[in-house]
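Q: The sequence shown runs 1252 to 1446 under our numbering. Note that the Cβ used here is the ideal one computed from N, Cα and C, for glycine as well.
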Amino acid sequence: MTKVDVLGVDFDAYTMAEFMQRIKERYQDDKGSFIVTANPEIVMYAREHPDYAQLIDHDADFVTADGIGVVKGAAMLGTPLPERVTGFDLMQELLGWANAQHLSVYLIGAKADVNKAAVAKVQERFPQLTIAGARDGYFDLKDTSVAQVVIDSGADVVFAALGFPKQEYFLKRIKAARPHTILMGVGGSFDVLSG
Ligand code: UDP
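#1: Is the beta carbon of Leu1341 less than 8 Å from the beta carbon of Phe1270?
#2: Consult DSSP for Leu1332 and reduce its assignment to one of helix, strand or coil.
#3: Write down every uninterrupted run of the beta strand (DSSP E) in the stretch 1264 to 1315 whose length is 3 residues or greater and which is fully enclosed by it, in chain order.
#4: How far does the beta strand (DSSP E) with Leu1434 in it reach, from first residue to last?
#5: Name the two residues that bound the continuous beta strand (DSSP E) containing Phe1256.
#6: Short check: CB of Thr1330 to CB of Asp1317, under 8 Å?
#7: Taking C-beta to C-beta, are Thr1315 and Ile1286 nearer than 8 Å?
#8: Locate the alpha helix (DSSP H) running through Leu1345, then write down its first and last residues.
#9: Between the stretch 1357 to 1366 and the stretch 1432 to 1444, do three or more beta carbon pairs fall short of 8 Å?
#10: Would a C-beta distance cut-off of 8 Å place Phe1390 and Val1401 closer than the cut-off?
#11: Quick one, which of Gln1279, Val1370 and Phe1377 has its alpha-carbon nearest Ile1433's?
#12: Where does the unbroken alpha helix (DSSP H) through Tyr1420 begin, and where does it stop?
#13: For Ile1425, count neighbouring C-beta atoms within 10 Å of its own C-beta (all shown protein chains included) and say buried if the count is 16 or more, exposed if not.
#14: Taking Ala1349 as the reference, which of Thr1253, Leu1258, Gln1272 and Lys1417 has the closest Cα?
#15: In the DSSP assignment, the beta strand (DSSP E) including Leu1358 goes from what residue to what residue?
#16: I believe Gln1404 touches Ala1383 by the beta-carbon criterion, under 8 Å. Please report the beta-carbon distance rounded to the nearest angstrom.
#17: Starting from the C-beta of Asp1407, find all residues in its chain whose C-beta is less than 6 Å away, skip the five residues before and the five after it, and write them out in chain order.
#18: Buried or exposed: Ile1319, going by 16 or more other Cβ atoms within 10 Å of its Cβ?
#19: Less than 7 Å between C-beta atoms, sequence neighbours within five positions excluded: which residues of the same chain meet that for Pro1291?
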């Protein structure tokens, strides 16, 4: 079984290495990947917001267990998940691979100074990446011009640190326009990266 239902959210029962393997395979097949790293707060939010649950169910290609609470919950339900796969760790793995592949990355989210510092860290640690663009995360989702700029950048990978559910609704828009892109909501990861 590759899917594990925890309170209505279907998680992929993969290790970090397996997630990476599958994302790479899809990339080689010219397919993008929309990754949701779901913690217990996201599971509870999805239970109360059918729109968001639907997005995870229909639009996400991968759902990782971002939190020990999800891993423990799955074990208690008798359908264990192999390990916790956090947004921060998966972002690091993806950056390493994208760097080796000389891909381009868009970093959207967090406050302007945090975003700048995160971009500087990425450039320092992953020098073969092209930064397709970057900006802070303080904009109204109704303003579709922000998504359009990201779409027009042609980035291979987009990391959105906007917090949930904003980052997933934003990335859904990118997926609709550029389905070959690797898209991932990374919550507070730019704050961690920049610190
Ligand atoms: N954020 C943003 N735009 C917003 C709201 C939040 O860019 O409209 C950023 C915030 O600055 C922080 C991140 O999103 O960097 C949210 O971090 P948090 O740890 O709260 O997110 P979670 O991991 O819980 O989704």
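A: By the coordinates alone:
#1: yes
#2: coil
#3: 1284 to 1289
#4: Ile1433 to Gly1436
#5: Before going on, a small fix: residue 1256 reads as Asp here, not Phe. Segment Lys1254 to Val1257, the beta strand (DSSP E) holding Asp1256.
#6: no
#7: yes
#8: Gly1338 to Ala1351
#9: yes
#10: no
#11: Gln1279
#12: Lys1417 to Ala1428
#13: buried
#14: Gln1272
#15: Ser1355 to Gly1360
#16: In the sequence as presented, Gln is not what sits at residue 1404; that position holds Ser. Contact holds; Cβ gap of about 4 Å.
#17: Leu1354 and Ser1355
#18: exposed
#19: Gly1318, Gly1320 and Val1321
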